[in-house]
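> Sharing a structure below in structure tokens format, with a few things to ask.
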Amino acid sequence: MNTSTTFIWRTFRQNSAADRKNLQKVSLFIEYMDGVAYATGNQIHWNGNGQAPAGLTEGIADYVRLKAGYAPSHWVKPGQGDRWDQGSLCIFLIPVSLLLSCLVQHIHATQYVVTNTVPNTPGGQLFDTEIGVDFTLSIMPAINNFIYRVFEESCPEDRRDVPVLNVYISEFPGYAYKTGDNINISASAMYNMYQPRSVSKWMFISVLIHEMTHVFQWHGNFGAPGGLTEGTADYVKVKSGYYRQAYYTKPGAGQKWDEGYGVTARFLEYCDSLLPGFTVKLNKKMRYQYNNAYRVELLGKPVEELWGEYKAKYGNQP
């Protein structure tokens, strides 16, 4: 249900809480009744305070279902129907030329696999007790959709095609790393760092957002500076709110723009302040290759000049 709600918000381009209905609770009941399903009370989409034609609200709901790729094969064909507000009018709402684009979303859907390879170690046991495979599988689609939303990748053609994404809990020096479409998270690092244990899920989500961003971001066919890709992953993590604000890098800190992680994430935020959506545009430009000149194209200045102005704004702190 969380994944469905996130998808609905993305379809309606409701990126902030101010754009959405304030629904405190959604309940689902399985019961005997005539018909298939019905809704009472508030719905996620707007309906003109109940004044919109019922056929329009039903059609909008089917429009979203079509966007998700879950339309049955026997469904309404383009051009059918006697009235525009007959219901199930999503074919009328969406251009036929976009149907294939919408329907292939489920074809490109990522399969998520989580494996604890060290269940008998202290860290492996912590993972099973405090986090678990089922929880990880439940949050990965939501994280994936959040990354798409940050990068404004609403269509499958805009995204990296990742058929299978693996997360391995294993033993190695360090905390986490990504190779190909595989994420490895250190069991011993979790055991040592997740203190108190009650924050284990929160900290796990934080690192998973960072590492999953590496899987889905563009990096100029590995031509982008490593610090930029690390900083972009942290940029997404900061956007999510899953970072320790009291201890995180402050704006203006750092020695160079591609230092990575928090330093580069804060610099990207600064560039966003000069050109709203800068980081999104930069990510799109890096689909096939990387060039420092992209900042000149987007902001009219070389990156070194931008970095100097950024440092000066914050008093040239170390």
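Residues -12 to 305 (the working numbering) make up the sequence shown, in order.
By construction, the Cβ of each residue, glycine as well, lies at the ideal position given by its N, Cα and C atoms.
Whose CA, out of Gly228, Ala163, Arg0, lies closest to the CA of Val51?
The sequence position of residue 51 within the sequence shown is 64, counting from 1. Here the closest residue by C-alpha is Arg0.
> Is it true that the CB of Thr108 sits closer than 7 Å to the CB of Ala174?
Locating residue 174 in the sequence shown gives position 187, where the first residue counts as 1. Locating residue 108 in the sequence shown gives position 121, where the first residue counts as 1. It is a contact, given that the beta carbons lie within the stated cut-off.
> Using three-state DSSP, classify Gln1 as helix, strand or coil.
If you number the sequence shown from 1, residue 1 lands on position 14. Correct three-state label for Gln1: coil.
> When you compare the region 143 to 163 with the region 100 to 115, are there three or more beta-carbon pairs, one atom per stretch, that lie closer than 8 Å?
Segments in contact, yes.
> Please report the residue range of the alpha helix (DSSP H) in which Ser187 lies.
Taking the first residue of the sequence shown as position 1, residue 187 is located at position 200. Looking at the DSSP string, the run of the alpha helix (DSSP H) that includes Ser187 is 187 to 203.
> Indicate whether the contact test is met: 3 or more Cβ pairs, each with one atom in the region 177 to 189 and one in the region 237 to 250, closer than 8 Å.
The answer is no - the region 237 to 250 does not touch the region 177 to 189, with fewer than three Cβ pairs under 8 Å.
> Where does the unbroken alpha helix (DSSP H) through Lys226 begin, and where does it stop?
Here residue 226 is taken as the residue at index 239 of the sequence shown, counted from 1. Start and end: 213 to 227.
> Measuring straight from C-alpha to C-alpha, what distance separates Thr237 and Asp145?
Start at 1 with the first residue of the sequence shown, and residue 237 comes out as number 250. Start at 1 with the first residue of the sequence shown, and residue 145 comes out as number 158. Reading the sequence as shown, one finds Lys at residue 237 and not Thr. If you take the alpha carbons of Lys237 and Asp145, they lie about 32 Å apart.
> For Met199 versus Ile126, is the C-beta distance shorter than 7 Å?
Locating residue 199 in the sequence shown gives position 212, where the first residue counts as 1. Locating residue 126 in the sequence shown gives position 139, where the first residue counts as 1. No, Cβ-Cβ distance for Met199 and Ile126 is not below 7 Å.
> Buried or exposed: which applies to Asp6, given that a residue is buried once 16 or more other Cβ atoms fall within 10 Å of its Cβ?
Translated into positions along the sequence shown, residue 6 becomes position 19. Exposed is the call here.
> Let me know the secondary structure DSSP gives Val151 once reduced to three states.
Within the sequence shown, numbered from 1, the residue matching residue 151 stands at position 164. In this structure, Val151 counts as strand in the three-state DSSP scheme.
> With C-beta atoms as the reference, is Val151 less than 7 Å away from Gln98?
In the sequence shown, counting from the first residue as 1, residue 151 sits at position 164. In the sequence shown, counting from the first residue as 1, residue 98 sits at position 111. Contact: yes.
> So what does DSSP say about Val100, is it helix, strand or coil?
As a position in the sequence shown, residue 100 is number 113, starting the count at 1. Val100: strand per DSSP, three-state reduction.
> Are the region 189 to 196 and the region 257 to 269 in contact at 8 Å, needing three or more beta carbon pairs?
Touching, no, given that fewer than three Cβ pairs across the two stretches are closer than 8 Å.
> For the alpha helix (DSSP H) containing Ile126, name the first residue and the last one.
By one-based count along the sequence shown, residue 126 stands at place 139. Ile126 -> alpha helix (DSSP H) spans 120 to 137.
> For Ala163, does the three-state DSSP call read helix, strand or coil?
The residue given as residue 163 occupies position 176 in the sequence shown. Strand, per DSSP.
> By the 10 Å Cβ neighbour count, where 16 or more other Cβ atoms means buried, how is Trp294 classified, buried or exposed?
To locate residue 294, count along the sequence shown from 1; it is residue 307. Buried is the call here.
> What's the C-alpha gap between Leu217 and Asp245?
Position 230 of the sequence shown holds residue 217. Position 258 of the sequence shown holds residue 245. For the sequence presented, residue 217 should be read as Glu rather than Leu. Their backbone Cα atoms lie some 9 Å apart in a straight line.
> Which of the three DSSP states, helix, strand or coil, is assigned to Ser141?
Reading the sequence shown from its first residue, position 154 is the one you call residue 141. The answer is coil: DSSP assigns Ser141 none of H, G, I, E or B.
> Short check: CB of Ser187 to CB of Ile118, under 7 Å?
Along the sequence shown, one-based indexing puts residue 187 at 200. Along the sequence shown, one-based indexing puts residue 118 at 131. In contact: Ser187 and Ile118 (Cβ atoms closer than 7 Å).
> Only counting the same chain, and skipping five residues up and downstream in sequence, which positions put a Cβ closer than 6 Å to that of Ala220?
On the sequence shown, residue 220 is found 233 positions in, with the first residue counted as 1. Excluding residues within five positions, the ones whose Cβ falls inside 6 Å are His197, Thr200, His201.
> Can you find a heavy atom of the ligand FMN that lies under 6 Å from the Cβ of Val13?
For the ligand FMN, the structure offers nothing, since it holds no ligand at all.
> So is Val267 in contact with chain D if we call contact Cβ pairs under 7 Å?
The displayed structure is made up of one protein chain only, and chain D is not part of it.
> In the DSSP assignment, the beta strand (DSSP E) including Ser173 goes from what residue to what residue?
Counting from one through the sequence shown, the residue named residue 173 turns up at place 186. It spans 169 to 173 - the beta strand (DSSP E) in which Ser173 sits, taken as one unbroken run.
> Under three-state DSSP, which class holds Ile31?
For the purposes of this step, residue 31 is taken as residue 44 along the sequence shown, with counting starting at 1. The answer is coil: DSSP assigns Ile31 none of H, G, I, E or B.
> If the criterion is Cβ atoms closer than 7 Å, does the pair Thr(-10) and Pro143 meet it?
For the purposes of this step, residue -10 is taken as the residue at position 3 of the sequence shown. For the purposes of this step, residue 143 is taken as the residue at position 156 of the sequence shown. For Thr(-10) and Pro143, no; Cβs fall outside 7 Å.
> Leaving aside the five residues before and after Phe114 along the sequence, list all residues of the same chain whose C-beta is less than 7 Å from its C-beta, in chain order.
Your numbering for residue 114 matches position 127 in the sequence shown. Closer than 7 Å at Cβ, skipping near neighbours: Asn103, Ile156, Ala174, Met177.
> Can you tell me the Cβ-Cβ gap for Gln304 and Gly228, rounded? I've got them flagged as a contact below 8 Å.
Within the sequence shown, the letter at position 317 stands for residue 304. Within the sequence shown, the letter at position 241 stands for residue 228. With 8 Å as the limit, Gln304 and Gly228 do not qualify as a contact, their Cβ atoms being about 24 Å apart.
> Between Tyr164 and Asn171, how many whole angstroms is the CB-CB distance? I'm expecting something under 8 Å.
For this step, residue 164 is matched to residue 177 along the sequence shown. For this step, residue 171 is matched to residue 184 along the sequence shown. Right, the Cβ-Cβ distance comes to about 6 Å (below 8 Å), so this counts as a contact.
> So the candidates are Tyr301, Ala280, Thr166; which of them puts its Cα closest to the Cα of Val290?
Mapped onto the sequence shown, residue 290 falls at position 303. Checked all of Tyr301, Ala280, Thr166; the closest Cα to Val290 is Ala280.
> Judging by CA-CA distance, which residue of Tyr297, Ile(-5), Asn278, Ala96 is the nearest neighbour of Arg147?
Residue numbering aside, residue 147 sits at position 160 when the sequence shown is read from its first letter. Looking at the Cα atoms, Ala96 is the closest of the given residues.
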